[in-house]
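Here the sequence shown stands for residues 0 to 531, numbered as in numbering that gives the first Met the number 0.
Quick reminder that beta carbons are idealized off the backbone N, C-alpha and C, glycines included.
Treat the numbers as computed from the prediction; the structure is a model and nothing was measured.
As structure tokens, the structure follows; a few thoughts come after it.
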Amino acid sequence: MSKASAGLHFYHPLAFWLGCMAITAGVLAHIPMFIHASYMNYQMVGMPMDTNMLVGMGLIPFGLLLAMYGLMPRMSQLKQQQSCQLQFHVADQLPLNREHWTLVVVLLAAVIVDVMKPATLGFVMPGIKLEYEIDSKTAGTLALVALTGTTVGSVLWGIAADKFGRRAAILLSALMFIGTSICGAMPTFEWNLIMCFLMGMSAGGLLPITFTLMAETIPAAHRGWLLVALGGIGTAAGYLVAAGSAAILEPMFSWRVLWLLGLPTGLLLIVLNRYLPESPRFLAGQGLTQQARTVLARFGNDGQGHEQVVVEQAPEVPESSFKQLFQMPYAGISLGLMLAGVAWGLVNFGFLLWLPINLGALGLAAQASAIIAKSAMMAVPAVLLVIWLYHRWSSIRTLMLFLLLTALSLMSFVLFDLMQFYQPFWLSVAITLLLVSASGVIAMLIPYAAEIYPVQLRGSGSGLVAAGSKFGGILGAILGVYGAFDHMAYSALLLGLSLVVACWVLYRHGIETRGKTLEAVHQSVIDRSAAR
């Protein structure tokens with residue numbers, strides 16, 4: 000393959016497509032047993048794995064390795080003879096054109112597919128409990144294992160994206176979606192746990208890399224609001240698709256079909272790969288200047304992309320390794336974003352998860368579901384406010400504002416407890432504020448991380464922050480089991496204080512990104528660190 004086209008196609012196309020076929024064949028080998036179980040309402044518990052399934056399970060990792068070889072560039076061979084310290088990108092004040100919008104649609108599809116996976120967990124739980132005859136606590140380990148997988152995946156895929164490219168990481172994640180869809184044909188709960196962990200790994204890695212690719216391709220004038228919109232709309236659509244699939248397909252094919260959907264959704268992302276370019280900034284950072292220009296030619300408004308390519312000196316990064324995220328000049332901003340992510344995870348997977356039970360303990364069991372449902376409906380349009388503030392006012396100030404609003408809404412529960420005041424209307428107001436502010440935080444957190452770090456660390460940094468939010472979810476689930484959220488006021492107080500601390504750290508180390516090029520943002524990080 001020519002260097003000119005390497006940024007758009009595959010380095011070893013035959014190996015990649017053979018790998019895709021092997022993975023797909025491996026998944027399809029499990030379908031006959033699934034169909035055979037139709038007369039038992041698709042309950043496969045205790046069924047022995049036949050030869051087709053065993054061969055299929057072998058084909059999947061073989062195909063994944065083959066596809067990985069097809070995607071991974073031989074950087075030592077592709078680099079130009081002289082090391083290049085230049086960055087190439089489309090002029091940052093250009094309007095969005097057809098190619099930009101095509102990329103946005105493809106990445107939106109990736110986010111929807113990614114969000115579907117964890118959202119599906121809630122819909123498969125009842126069927127899993129019934130078929131495997133396990134209690135709620137045992138079934139809950141499935142969610143815990145999945146969250147652990149997403150945490151590990153966020154870090155690993157972020158590192159992979161920085162080493163091998165954003166496009167390669169996204170496509171490999173999609174292939175793992177396809178391969179782990181055999182979770183829907185596993186005859187034992189233990190096999191479900193293993194596959195759910197691997198499925199979580201693929202889901203955890205896709206989201207931060209999607210934001211990374213968009214941040215490095217969209218002009219600065221539109222980057223901020225599109226990043227936040229991608230997260231907000233993609234998350235809402237992902238939950239809707241998961242809920243719709245459960246409502247339509249689960250009654251006909253049992254809970255297992257919700258896992259098997261990983262095959263068509265993963266294949267959709269593979270089919271859309273032709274619209275998924277490699278990041279021009281990543282290519283330029285690897286010294287692949289011609290490939291970077293080729294990619295950027297797709298985003299020229301007048302069909303003459305080379306005339307609109309900006310060439311500038313890349314800021315020097317002393318060390319390009321994962322540990323650099325915890326060293327100056329990135330240590331402060333990494334700490335602030337990690338604290339915010341962990342605190343959000345505790346709120347979302349801890350406080351909010353146990354809120355219906357706590358409201359029931361206050362004698363509001365009958366109204367609890369209605370109160371939370373009405374509050375959740377208000378959180379969806381609030382994303383539009385987040386997008387507007389992030390784009391028109393300030394990125395870092397908007398993030399800090401919503402962190403403080405989340406803390407304020409939690410403190411209202413402390414006040415209710417002190418006053419012994421539990422009027423449904425005011426509880427609804429507090430819950431609405433909590434859901435709106437918490438939704439705003441997560442809609443901005445990973446997009447902001449994708450803007451802050453330099454190109455050599457952007458995938459790793461975004462993955463680290465995403466892992467922080469998932470790790471908070473793991474802590475929330477574990478602490479909830481041990482009764483940490485039984486007392487609503489105490490847990491609200493501690494979580495509120497942790498959010499304030501995260502906000503303070505971001506106030507000291509955060510950088511404004513609105514309207515700035517990514518290179519200018521990175522330089523601001525260096526300058527602020529040097530000034531201390």
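Proximity below 8 angstroms, CB of residue i to CB of residue j
i, j, result
"Met46", "Met67", "no"
"Pro263", "Met43", "no"
"Thr150", "Ile477", "no"
"Val346", "Thr397", "no"
"Val541", "Leu334", "The displayed coordinates of the chain run from 0 to 531. Any statement about residue 541 would go beyond what the structure contains."
"Val540", "Ser180", "Residue 540 lies beyond the residue range present for the chain, which begins at 0 and ends at 531; the question has no answer from this structure."
"Gly479", "Ala342", "no"
"Gly458", "Asp161", "yes"
"Met399", "Cys502", "yes"
"Ser153", "Ala437", "no"
"Leu336", "Val500", "no"
"His390", "Gly223", "yes"
"Ala219", "Thr516", "yes"
"Ser535", "Ala429", "Here the chain has residues from 0 to 531 only, and residue 535 is not among them."
"Leu107", "His221", "no"
"Phe350", "Ser490", "yes"
"Gly204", "Ala168", "yes"
"Leu352", "Gly475", "yes"
"Leu282", "Ala109", "no"
"Pro117", "Ala202", "yes"
"Arg513", "Ser393", "yes"
"Met56", "Tyr10", "no"
"Glu215", "Arg280", "yes"
"Asp113", "Leu206", "yes"
6 angstroms Cβ shell around residue i - same chain, five flanking residues per side excluded
i, result
"Leu225", "Ile217"
"Met115", "Gly237, Val240, Ala241"
"Arg166", "Leu275, Glu277"
"Leu248", "Val256"
"Ser468", "Gly340, Trp343, Gly344"
"Leu259", "Ser180, Gly183"
"Leu17", "Leu65"
"Ala381", "Val435"
7 angstroms CB neighbourhood of residue i in its chain, flanking five on each side removed
i, result
"Asp416", "Met487, Ala488"
"Glu98", "Arg297, Phe298"
"Ala21", "Leu58, Phe61, Gly62, Leu65"
"Asn40", "Ser253"
"Asn272", "Leu170"
"Asn51", "Ala28, Pro31"
"Phe321", "Ile158, Ser459"
"Ser244", "Leu257, Leu260"
"Gly121", "none"
"Met194", "Thr179, Ile181, Cys182, Met185"
"Leu402", "Ala339, Val440, Leu498, Ala501, Cys502"
"Leu388", "Thr397"
Cutoff 8 angstroms: residue i Cβ touching any chain B Cβ
i, result
"Val428", "Here chain B cannot be found, since the structure has a single protein chain."
Close Cβ partners of residue i (< 8 angstroms) along its chain, the five nearest in sequence each way excluded
i, result
"Lys2", "Model confidence at Lys2 stands at a pLDDT of 41, short of 50, so the residue's coordinates are unreliable; what they give is reported in the following sentence. Taken in chain order, the residues that qualify are Leu77, Leu287, Gln289, Gln290."
"Ile510", "Ile332, Ile395, Ile451, Val520, Ser523, Val524, Arg527"
"Leu192", "Thr140, Leu141, Val144"
"Ala14", "Leu65, Ala66, Tyr68, Gly69"
### Message
Does the region 225-233 come into contact with the region 431-449, if we say contact requires no fewer than three beta-carbon pairs (one atom in each stretch) closer than 8 angstroms?
### Response
In short, these stretches touch, since the Cβ pair count reaches three.
### Task
Could you pull out every unbroken alpha helix (DSSP H) segment of at least 4 residues lying fully inside the region 146-183, listed in chain order?
Positions of the alpha helix (DSSP H) runs, each at least 4 residues long and wholly inside the region 146-183, are given as 165-179 in order along the chain.
### Contact between the region 209-218 and the region 185-198 (3+ Cβ pairs under 8 angstroms)
Judged by Cβ distances under 8 angstroms, the region 209-218 makes no contact with the region 185-198, as fewer than three pairs qualify.
### Task
Report yes or no: do three or more beta-carbon pairs, one from the region 175-186 and one from the region 130-141, lie closer than 8 angstroms?
Touching, no, given that fewer than three Cβ pairs across the two stretches are closer than 8 angstroms.
### Task
Answer yes if the region 423-433 comes into contact with the region 448-463, meaning at least three C-beta pairs across the two stretches below 8 angstroms, and no otherwise.
No: fewer than three Cβ pairs fall under 8 angstroms.
### Task
Taking only runs that begin and end inside the region 394-452, name each unbroken alpha helix (DSSP H) of 4 or more residues, in chain order.
Runs of the alpha helix (DSSP H) inside the region 394-452: 394-418, 423-451.
#### Entry: 4 or more residues per run - each alpha helix (DSSP H) lying fully within the region 6-46
List check, alpha helix (DSSP H) in window: 12-27, 30-35.
### Task
Counting only runs of 4+ residues fully inside the region 444-505, write out the alpha helix (DSSP H) ranges in chain order.
Runs found: 457-480.
### Query
Which full runs of the alpha helix (DSSP H) of 4+ residues lie inside the region 192-260, going along the chain?
List check, alpha helix (DSSP H) in window: 219-252, 255-259.
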